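Below is one structure, written out as structure tokens; comments come after it.
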């Protein structure tokens with residue numbers, strides 16, 4: 001065991017925890033005033049509920065002993081055997097430190113999805129959906145990539161969650177947007193963010209917390225953590241600028257929402273690559289992510305689904321680009337446990353990354369559709385149109401965000 | 405008596421109020437309103453999606469004056485509120501039948 005590593009990972013876990021309330025503000029500012037608490041609550045309640053689900057069963061399904069490459073066994077059910085001694089294979093950390101770090105990832109991932117169904121989901125249905133989603137979608141995905149499952153066996157590279165966190169949430173977000181349908185009045189009334197300073201604050205907290213997310217994925221206080229920290233920051237900076245410039249050209253003005261959306265897009269895109277690439281490729285990944293995700297948010301108008309807060313455009317396209325870019329720019333000079341990408345003489349890696357992209361999108365989309373159907377039958381998933389017009393704050397929680 | 409309704413730019417409110425009190429006007433009613441005239445509104449852009457915002461914030465100032473003062477007061481307001489750009493607003497003038505001061509029961513010019 002290593003005290004420095006342990007201290008570093010516990011602080012990283014705390015940083016990642018802070019991303020979820022950051023996300024609550026990021027999303028909360030983008031909805032209309034009557035839905036601000038409902039939207040903030042989506043993230044906050046996940047921090048409560050998913051943490052418990054994770055401790056009871058999510059962790060063991062993700063990191064328990066491998067069953068056919070598909071799922072973890074029940075060895076750590078109820079955190080049985082997860083204590084202050086190291087986990088096999090991660091001998092520098094107390095098992096609990098590793099578990100709680102992973103717990104924060106399991107929390108923020110379903111919270112990301114909430115951007116897709118903001119302003120129209122029923123709270124009971126949302127809760128049931130989230131619990132089922134962590135068990136049936138997140139845990140298998142996590143096992144496949146990080147728990148010794150089949151994607152790990154294939155050699156797919158995903159440093160901090162391009163597939164596990166961003167593509168999985170985005171594919172599920174797409175399913176949710178399609179299943180729930182558009183918000184009432186979509187396309188006829190303007191749906192404008194009610195408080196962009198809140199969104200900017202939320203984005204800043206995400207950027208800050210992301211250092212724990214990506215640097216912490218080195219699982220040690222070492223050079224790789226420093227490298228991942230740096231690539232993360234530079235990609236975010238480049239993507240914020242990239243989005244701003246593209247929007248400036250396309251719409252004539254650089255917007256605040258565009259700048260911070262770009263930063264998040266860059267953070268998403270560098271996530272799978274953070275511990276496998278050097279800094280200049282990270283800047284390239286970020287710059288392109290800004291433009292790609294700007295195009296991504298326009299897709300919903302083209303295809304006619306209502307992804308309220310652009311989870312598909314930003315996390316979906318950003319995560320996909322990042323996963324593929326890992327197959328292009330990865331180099332063993334950064335991380336011996338990684339592999340070389342196409343530009344370092346190993347074209348096979350890009351193919352493996354491509355398989356991981358397709359598998360993630362297909363599995364998460366289909367499983368989510370099934371879960372939505374089940375939840376719809378059990379509790380109902382969409383609020384009545386009267387409740388939707390009143391707003392989720394009053395109709396679901398009997399409170400309002402602003403007494404003005 | 406005449407009722408004068410002024411719809412103008414919010415930031416011109418203080419100047420108009422100063423000019424009117426200097427001209428001897430003792431009371432007025434102000435409300436925050438939204439609307440558009442030939443100026444129309446403005447465009448807002450969120451993540452590349454454009455929204456046309458037609459209703460722009462304005463203030464409405466209402467006051468009632470004696471017939472004899474109306475023309476001068478209207479001139480005062482126009483001078484204070486004018487910038488020369490589109491969106492300066494409008495002044496509506498209408499005839500008032502009677503005014504009653506609730507506290508004393510006075511009517512007509514005495515109640516203005």
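Residue numbers (my numbering), protein chains in the order written: chain A, 1 to 404; chain B, 405 to 516.
All C-beta atoms, glycine included, are put in the ideal place defined by N, C-alpha and C.
Computed from a prediction, not measured in an experiment: that's the story for all the values here.
Quick one: grab the DSSP three-state call for residue i.
i	result
residue 387 of chain A	helix
residue 379 of chain A	coil
residue 330 of chain A	coil
residue 498 of chain B	strand
residue 230 of chain A	helix
residue 455 of chain B	strand
residue 271 of chain A	coil
residue 308 of chain A	coil
residue 504 of chain B	strand
residue 402 of chain A	coil
residue 86 of chain A	strand
residue 443 of chain B	coil
residue 121 of chain A	strand
residue 516 of chain B	coil
residue 435 of chain B	strand
residue 461 of chain B	strand
residue 71 of chain A	strand
residue 91 of chain A	strand
residue 114 of chain A	helix
residue 538 of chain B	No information on residue 538 of chain B is available, as it lies outside the stretch 405 to 516 that chain B covers here.
residue 454 of chain A	Residue 454 of chain A is absent from the structure shown; chain A starts at 1 and stops at 404.
residue 253 of chain A	coil
residue 277 of chain A	coil
Look at the Cβ atom of residue i, then the Cβ atom of residue j, and state whether they are nearer than 9 Å.
i	j	result
residue 258 of chain A	residue 244 of chain A	yes
residue 19 of chain A	residue 212 of chain A	yes
residue 114 of chain A	residue 42 of chain A	yes
residue 9 of chain A	residue 216 of chain A	yes
residue 421 of chain B	residue 477 of chain B	no
residue 260 of chain A	residue 170 of chain A	no
residue 208 of chain A	residue 15 of chain A	yes
residue 289 of chain A	residue 242 of chain A	yes
residue 86 of chain A	residue 79 of chain A	no
residue 286 of chain A	residue 316 of chain A	no
residue 26 of chain A	residue 264 of chain A	yes
residue 133 of chain A	residue 320 of chain A	no
For residue i and residue j, what's the separation of their Cα atoms in angstroms?
i	j	result
residue 470 of chain B	residue 458 of chain B	36 Å
residue 417 of chain B	residue 174 of chain A	49 Å
residue 176 of chain A	residue 397 of chain A	22 Å
residue 109 of chain A	residue 408 of chain B	59 Å
residue 293 of chain A	residue 262 of chain A	8 Å
residue 13 of chain A	residue 433 of chain B	57 Å
residue 494 of chain B	residue 370 of chain A	60 Å
residue 399 of chain A	residue 383 of chain A	16 Å
residue 137 of chain A	residue 54 of chain A	13 Å
residue 296 of chain A	residue 126 of chain A	25 Å
residue 128 of chain A	residue 394 of chain A	21 Å
residue 474 of chain B	residue 489 of chain B	25 Å
residue 71 of chain A	residue 130 of chain A	19 Å
residue 487 of chain B	residue 508 of chain B	41 Å
residue 28 of chain A	residue 188 of chain A	22 Å
residue 405 of chain B	residue 468 of chain B	7 Å
residue 277 of chain A	residue 219 of chain A	17 Å
residue 497 of chain B	residue 206 of chain A	55 Å
residue 58 of chain A	residue 81 of chain A	15 Å
residue 376 of chain A	residue 56 of chain A	25 Å
residue 460 of chain B	residue 426 of chain B	29 Å
residue 363 of chain A	residue 164 of chain A	11 Å
residue 345 of chain A	residue 227 of chain A	22 Å
Mind checking the stretch 429-451 of chain B against chain E and listing, in chain order, the residues whose C-beta falls within less than 7 Å of any C-beta there?
Absent from the structure is chain E; the protein chains it does hold are A and B.
Inspect the CB distances between the stretch 390-402 of chain A and the stretch 424-440 of chain B and report whether three or more fall short of 8 Å.
no
What residues from the stretch 149-174 of chain A come within 9 Å of chain B, judged by C-beta to C-beta, listed N to C?
So the list is empty, because no residue satisfies the distance condition.
Residues, ordered as in the chain, of the stretch 243-260 of chain A that lie near chain B by beta-carbon distance below 7 Å
247, 250, 251, 253, 255, 257 and 258
Under 8 Å: do the stretch 22-29 of chain A and the stretch 211-226 of chain A share three or more Cβ pairs, one atom per stretch?
No, the stretch 22-29 of chain A does not touch the stretch 211-226 of chain A.
State whether the stretch 177-186 of chain A contacts the stretch 195-209 of chain A, with contact taken as three or more CB pairs (one from each stretch) at a distance under 8 Å.
no
Is the stretch 271-279 of chain A touching the stretch 319-334 of chain A, taking contact as three or more C-beta pairs under 8 Å?
yes
Cβ contact check for the stretch 136-153 of chain A and the stretch 95-112 of chain A: 3 or more pairs under 8 Å
Touching, per the Cβ criterion.
Check distances from the C-beta atoms of the stretch 272-298 of chain A to those of chain B and list, in chain order, the residues that come in under 8 Å.
294, 297 and 298
Which of the residues in the stretch 193-215 of chain A, read from start to end, lie with their CB under 7 Å from any CB of chain B?
Residues 193.
Of all the residues that make up the stretch 306-318 of chain A, which are near chain B by a beta-carbon distance shorter than 7 Å?
310
Cβ-based contacts, 9 Å cut-off: residues of the stretch 408-424 of chain B near chain A:
none
Taking a Cβ distance cut-off of 7 Å, strictly less, list which residues of the stretch 21-49 of chain A are near chain B, in chain order.
none
Tell me which residues of the stretch 341-368 of chain A have at least one Cβ-Cβ distance to chain B shorter than 7 Å, keeping chain order.
Look at the stretch 341-368 of chain A: it has no residue with a C-beta under 7 Å from a C-beta of chain B.
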